[in-house]
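Asker: In full-length UniProt numbering, the protein residues as written are 1 to 390. The C-beta atom is built at its ideal place from N, Cα and C for all residues, glycine as well. Below you'll find the structure I mean.
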């Protein structure tokens, strides 16, 4: 007689540690939050890029309209044509049309600009006016600029990659940190309990997690705060010179203008363009050029007061915001300090180098109360100074 076979035991389920299950449960909420945060970041990045491009368009229109005033008033068609051709070569510009009242004709460059009666979101226009010494205004022309369309995809991608890297790194840190912390405060005590039960011994010492976990969490928080502060610093400062960037400039200039208007005091914004820097950069290389820019930045900061602001716009352009200056003597003294800081010999890599500066100034609040207006005036004055040095 054959005995029935003993029933086989059911297959044992695959064992997973508690901290692994915890990470799996935590993963999907974090992924969803990550996706939402990335989407919001991309949207904010697009809106920021759109605002900056609109501001750049308006500044470009205002600057070139201002530069065309004298040629159109003097009926200098050749100079006006040169300015229009230069404007059409800008990367953001698709086409330009200038109505020359004196010549009674239009000057065009680049792609065709739609008719003025046809609305177009990428076209801006501004009358070109001349103001005589008696304060009378004369319309000498009208400038129309057709800009390249603003790409939503490009704007989103430009701001998305960096945010993806940051959020991806943060997601990885959170998951790994959560697994390690969970394993420490729950997994290890449970292992000690299990081992104690198997060995039939007391488990008093392993019954509760240690208090060191609080110190470890504090360290993680401090490391995260340091990362955020570093990211905030990088977002507001030029990485080469350590000076404030355009964001800092806009904030400090607006604050200085507001305080000057409230206190009845004058201040100046200076726009500097280094003369002789390009030959140094081309001849001796970018390393020497970077050292020159860093030296100029340090000297400008040392020459200014603690209440002044020195910023770098990019390339070899710097901006100084100097509030609370004497109306008659403040500007000459300020220009002398800036020129002395820039024009002093620079020793680097065994070389003795010299650069100069073309400086344009605008006084606030009487010459303008908006940042764009003051920077436009300073840029025009700087351009005139540069032309006078040639």
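I'd like to know whether the C-beta atoms of residue 324 and residue 265 end up nearer to each other than 8 Å.
Answerer: Their beta carbons are under 8 Å apart, which means residue 324 touches residue 265 by this criterion.
Asker: Taking Cβ positions, are residue 65 and residue 143 nearer each other than 8 Å?
Answerer: In contact: residue 65 and residue 143 (Cβ atoms closer than 8 Å).
Asker: Can you give me the start and stop residues for the beta strand (DSSP E) that residue 310 sits inside?
Answerer: Residues 309-314.
Asker: Can you find the residues in the same chain that come closer than 6 Å, C-beta to C-beta, to residue 111, ignoring five residues on each side of it along the sequence?
Answerer: Same-chain partners within the cutoff: 94 and 95.
Asker: For residue 81, which three-state DSSP category applies?
Answerer: Residue state, collapsed to three classes: helix.
Asker: Please report how far the alpha carbon of residue 219 lies from the alpha carbon of residue 311, in whole angstroms.
Answerer: Unreliable positioning characterises residue 219 in this predicted model, as indicated by a pLDDT of 48, which lies under 50. The coordinate reading is nonetheless provided below. Roughly 34 Å separates the two Cα atoms.
Asker: Flag this pair as yes or no: are the beta carbons of residue 357 and residue 377 separated by less than 8 Å?
Answerer: Contact: no.
Asker: Taking 6 Å as the limit between beta carbons, can you name the residues of its chain near residue 291, skipping five residues before and five after?
Answerer: 348, listed in sequence order.
Asker: Could you tell me the alpha carbon to alpha carbon distance between residue 322 and residue 341, rounded to whole angstroms?
Answerer: Roughly 15 Å between the two C-alpha positions.
Asker: Are the beta-carbon atoms belonging to residue 248 and residue 233 less than 8 Å from one another?
Answerer: Cβ distance not < 8 Å, so residue 248 and residue 233 don't count as in contact.
Asker: When you compare only the Cα positions, how much space is there between residue 383 and residue 252?
Answerer: Computed Cα separation, rounded: 23 Å.
Asker: Kindly identify the DSSP beta-bridge partner or partners of residue 273.
Answerer: In the DSSP output, where bridge partners are listed per residue, residue 273 has 317 and 358.
Asker: Where does residue 125 fall in DSSP's three states?
Answerer: Looking at residue 125 - three-state DSSP - the assignment turns out to be strand.
Asker: Taking all protein chains shown into account, do 16 or more other C-beta atoms lie within 10 angstroms of the C-beta of residue 375, making it buried, or fewer, making it exposed?
Answerer: By the neighbour-count rule (16 or more Cβ atoms within 10 Å), residue 375 is buried.
Asker: Here's the rule I'm using: 16 or more other beta-carbon atoms within 10 Å means buried, otherwise exposed. How should residue 315 be labelled?
Answerer: It counts as exposed.
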